[in-house]
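Colleague: In my numbering, the protein residues as written are 17 to 472.
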Ligand SMILES: Cc1cc2nc3c(=O)[nH]c(=O)nc-3n(C[C@H](O)[C@H](O)[C@H](O)COP(=O)(O)OP(=O)(O)OC[C@H]3O[C@@H](n4cnc5c(N)ncnc54)[C@H](O)[C@@H]3O)c2cc1C
């Protein structure tokens, strides 16, 4: 076999890697992309898409259960996990086929196999060497566990949870971050008894603490139990059960334990360190142009310290392709990346939390608009709020939202934040009635000194 060369060699075909490949090919670069599993990576096969399909099925279950609220005679007869999984899998496989077609149509050379970065801008797969003028490392992440907590049997990570063939009766979710609360939400809607255990003092601890308080209230109303500020000490499995022990001495019996304690970088077996890539606890640090310490070697996606989100991976992939093609793109502002947690109710935010804003700005002002004043939210029968953080007499610094479907509002919120809008600018924009976007409009009207549907 002869060695192959290209303008760009990409190791990993997940969100970061394939976005880079597609954009680079569009810009006329020759691209080789190496993938050991399935094109599309975590997001398409084990992450964003299948979990959001489960969450949609959960919403349908809630609608069936709550039909009476709207005067519609419905009843939830039960959950057929075969049916749920075949719906979910059909969404994934349709998108997978589409993505495979895209990669093919852009003339990207797709190499199946486990690759190893061996330095000198070269990736080796089964003895074959692929050398690029540039190399992009995009090997993604894996579900972490805790020391002494082995995955297997009734102890699962999101990788198994996403394909479960039954609804557990009682489940403990270890970790109250994004993945933990999303699964807690799905299983509760499907009828399970759910307990979330989080070592930090609040659920979704990376969010503004207002959102944590609101989500905790909503989970209480939904009958989701949570224990925050308490450490897990161990789990014992029997044939069909798992007993979870906490530092407080409490023990919880369950049929399933989901370990959702974060994701580690997938970099141990890919040769990075041996090839001289500077590493930080397994992650690959880069500068703002996503360059590693090695000339011509870039890194994108979950292996780069920061938010582990698919759209960050897409943006970094596109950025890197443009950088390599000489387009001098603008670096990505990590604070401007929108964040959505798709549990019920949804949590969505962009920019700085109030606490972060106060660290950076002397005078910070906040306004919280309650969704009880928003017609569409009342129609949906959701509670929640929009909280806007701004510098006094300055631009909006952060937007934090909670409520059914508020994830869809993050598109406008991110424009407001990223275009450094002032409340007065946003207040001039007319929002369609009745939509939930009006809540954003109303919050800015109030900040601009002309509240409309705001009490007090
Ligand atoms: C349950 C769950 C839900 C999520 N939900 C969301 C969500 O709603 N929204 C969101 O934005 N993000 C979500 N994420 C996060 C999102 O999936 C990741 O941020 C995203 O997939 C990261 O992209 P990546 O390209 O860095 O890595 P990955 O998608 O993990 O892709 C890396 C690829 O590299 C391949 N690879 C690794 N090593 C090698 C090697 N040596 N040789 C060849 N190939 C290799 C892997 O097989 C994989 O396909 C979720 C994640 C999980 C687990």
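Backbone N, C-alpha and C fix where the C-beta goes; we use that ideal spot for every residue, glycine too.
For the region 369–388 against the region 322–332, do three or more pairs of beta-carbon atoms, one drawn from each stretch, fall closer than 8 Å, so that the two count as touching?
Modeller: They do not touch, by the three-pair rule.
Colleague: Once DSSP output is grouped into helix, strand and coil, what is the label at residue 186?
Modeller: The residue you call residue 186 lines up with position 170 of the chain shown. Of the three classes helix, strand and coil, the one that applies to residue 186 here is strand, per DSSP.
Colleague: Rounded to a whole number of angstroms, what is the C-alpha to C-alpha distance between residue 76 and residue 85?
Modeller: Sequence index remark: in the chain shown, residue 76 carries index 60 (1-based). Sequence index remark: in the chain shown, residue 85 carries index 69 (1-based). Each residue's Cα considered, the two are about 14 Å apart.
Colleague: State the Cα-Cα distance for the pair residue 216 and residue 356, rounded to the nearest angstrom.
Modeller: For the purposes of this step, residue 216 is taken as the residue at position 200 of the chain shown. For the purposes of this step, residue 356 is taken as the residue at position 340 of the chain shown. Cα-Cα distance, rounded: 20 Å.
Colleague: For residue 32, which option in 201, 56, 183 has the closest C-alpha, if you only look at C-alpha atoms?
Modeller: Within the chain shown, numbered from 1, the residue matching residue 32 stands at position 16. Closest option to residue 32, Cα to Cα, is 56.
Colleague: Taking only three categories from DSSP, how would you classify residue 68?
Modeller: Along the chain shown, one-based indexing puts residue 68 at 52. Note: residue 68 maps to helix in three-state DSSP.
Colleague: Does residue 367 pass the burial test, meaning 16 or more other C-beta atoms within 10 Å, or should it be called exposed?
Modeller: Counting from one through the chain shown, the residue named residue 367 turns up at place 351. Under this definition residue 367 is a buried residue.
Colleague: What is the residue span of the beta strand (DSSP E) that residue 175 lies within?
Modeller: Working through the chain shown from its first residue, we reach residue 175 at position 159. First-last for residue 175: 174–177, but that is the alpha helix (DSSP H), not the beta strand (DSSP E).
Colleague: In chain order, what residues of the same chain have a beta carbon less than 6 Å from the beta carbon of residue 40, not counting five sequence neighbours either side?
Modeller: Taking the first residue of the chain shown as position 1, residue 40 is located at position 24. Once the five neighbours on either side are set aside, the close Cβ partners of residue 40 are 24, 47, 337.
Colleague: Please classify residue 201 as buried or exposed, where buried requires at least 16 other C-beta atoms within 10 Å of its C-beta.
Modeller: As a working mapping, residue 201 is identified with position 185 in the chain shown. So residue 201 ends up on the buried side.
Colleague: Return the first residue and the last residue of the beta strand (DSSP E) that residue 248 is part of.
Modeller: By one-based count along the chain shown, residue 248 stands at place 232. Note, residue 248: beta strand (DSSP E), 248–253.
Colleague: Taking the continuous alpha helix (DSSP H) assigned at residue 384, which residues delimit it?
Modeller: Within the chain shown, numbered from 1, the residue matching residue 384 stands at position 368. Unbroken run through residue 384 is the beta strand (DSSP E), 380–386; no alpha helix (DSSP H).
Colleague: Which same chain residues end up closer than 8 Å to residue 20 when comparing Cβ atoms and leaving out the 5 residues on each side of it in sequence?
Modeller: The sequence position of residue 20 within the chain shown is 4, counting from 1. So the qualifying residues of the chain are 48, 125, 144, 145, 146, 147.
Colleague: Based on the DSSP secondary-structure assignment, which residues constitute the bridge partners of residue 281?
Modeller: Here residue 281 refers to the residue found at position 265 when the chain shown is read from its first residue. Bridge partners of residue 281: 157.
Colleague: Taking 6 Å as the cut-off, does the CB of residue 365 come closer than this to any heavy atom belonging to ligand 1?
Modeller: Against the chain shown, residue 365 aligns to sequence position 349. Not so, every heavy atom of ligand 1 lies at least 6 Å from the Cβ.
Colleague: Buried or exposed, going by whether 16 or more other CB atoms sit within 10 Å of the CB of residue 342?
Modeller: Numbered from 1 along the chain shown, position 326 holds the residue referred to as residue 342. Label assigned to residue 342: exposed.
Colleague: Excluding the 5 residues flanking residue 184 on each side, which residues of the same chain have their C-beta closer than 6 Å to its C-beta?
Modeller: For the purposes of this step, residue 184 is taken as residue 168 along the chain shown, with counting starting at 1. Answer for residue 184: 208, 271, 272, listed in chain order.
Colleague: With DSSP run on the structure shown, which of helix, strand or coil describes residue 296?
Modeller: By 1-based counting over the chain shown, the position of residue 296 is 280. DSSP places residue 296 in strand when its eight states are reduced to three.
Colleague: How big is the Cα-Cα spacing for residue 446 and residue 457?
Modeller: Position 430 of the chain shown, counting from 1, holds the residue named residue 446. Position 441 of the chain shown, counting from 1, holds the residue named residue 457. Roughly 8 Å between the two C-alpha positions.
Colleague: What's the gap between the Cα of residue 358 and the Cα of residue 68?
Modeller: Mapped onto the chain shown, residue 358 falls at position 342. Mapped onto the chain shown, residue 68 falls at position 52. Distance between the alpha carbons of residue 358 and residue 68: 7 Å.
Colleague: Would you kindly check if the distance between the Cβ of residue 422 and the Cβ of residue 364 is under 7 Å?
Modeller: In the chain shown, the residue the question calls residue 364 occupies position 348. In the chain shown, the residue the question calls residue 422 occupies position 406. Closer than 7 Å, so yes.
Colleague: Identify the continuous alpha helix (DSSP H) that holds residue 61 and give its terminal residues.
Modeller: Here residue 61 refers to the residue found at position 45 when the chain shown is read from its first residue. 57–61 is the span of the alpha helix (DSSP H), which, as asked, contains residue 61.
Colleague: Please give me, in chain order, every unbroken run of the alpha helix (DSSP H) with length at least 4 that falls completely inside the region 323–403.
Modeller: List check, alpha helix (DSSP H) in window: 326–340, 370–376, 391–395.
Colleague: Counting beta carbon pairs with one atom in the region 277–286 and one in the region 154–173, are three or more of them shorter than 8 Å?
Modeller: These segments touch.
Colleague: In this structure, does DSSP put residue 235 in helix, strand or coil?
Modeller: What you label residue 235 is simply residue 219 of the chain shown in a count that begins at 1. In the structure shown, residue 235 sits in a helix (DSSP, three-state: H, G or I).
Colleague: When the Cα atoms are used, what is the spatial distance from residue 234 to residue 72?
Modeller: Working through the chain shown from its first residue, we reach residue 234 at position 218. Working through the chain shown from its first residue, we reach residue 72 at position 56. Cα-Cα distance, rounded: 18 Å.
Colleague: By the DSSP assignment, the beta strand (DSSP E) with residue 437 in it spans what residues?
Modeller: Here residue 437 is taken as the residue at index 421 of the chain shown, counted from 1. Counting along the chain, residue 437 falls outside any beta strand (DSSP E), and DSSP gives it neither H nor E.
Colleague: From the DSSP output, in three-state form, read off residue 463 for me.
Modeller: Counting from 1 along the chain shown, the entry for residue 463 is found at position 447. Residue state, collapsed to three classes: helix.
Colleague: My output table needs one value for residue 424: the three-state DSSP class, helix, strand or coil.
Modeller: For the purposes of this step, residue 424 is taken as the residue at position 408 of the chain shown. The answer is helix: DSSP assigns residue 424 an H, G or I state.
Colleague: Examine ligand 1 and report whether any of its heavy atoms sits within less than 6 Å of the Cβ of residue 485.
Modeller: Outside the displayed span of the chain (17 to 472) sits residue 485, for which this structure offers no information.
Colleague: Could you work out which residue in 390, 38, 405, 260 is closest to residue 120 when comparing CA atoms only?
Modeller: Here residue 120 corresponds to residue number 104 of the chain shown, with the count starting at 1. Considering only alpha carbons, the answer is 38.
Colleague: Would you check if the distance between the CB atom of residue 238 and the CB atom of residue 204 is smaller than 7 Å?
Modeller: Residue 238 sits at position 222 when you count from the first residue of the chain shown. Residue 204 sits at position 188 when you count from the first residue of the chain shown. Yes, they are a contact pair.
Colleague: With three or more C-beta pairs closer than 8 Å as the rule, is the region 384–401 touching the region 257–276?
Modeller: Contact fails: fewer than three Cβ-Cβ distances are below 8 Å.
Colleague: For the candidate residues 162, 186, 229, whose alpha-carbon lies nearest to that of residue 278?
Modeller: Here residue 278 corresponds to residue number 262 of the chain shown, with the count starting at 1. Comparing Cα positions, the closest option is 162.
Colleague: Using a Cβ-Cβ cutoff of less than 7 Å, which residues in the same chain neighbour residue 167 once the five nearest sequence positions on both sides are dropped?
Modeller: To locate residue 167, count along the chain shown from 1; it is residue 151. The residues are 161, 173, 275.
Colleague: For residue 312 and residue 150, what's the separation of their Cα atoms in angstroms?
Modeller: Here residue 312 is taken as the residue at index 296 of the chain shown, counted from 1. Here residue 150 is taken as the residue at index 134 of the chain shown, counted from 1. Taking the straight line from one Cα to the other gives about 5 Å.
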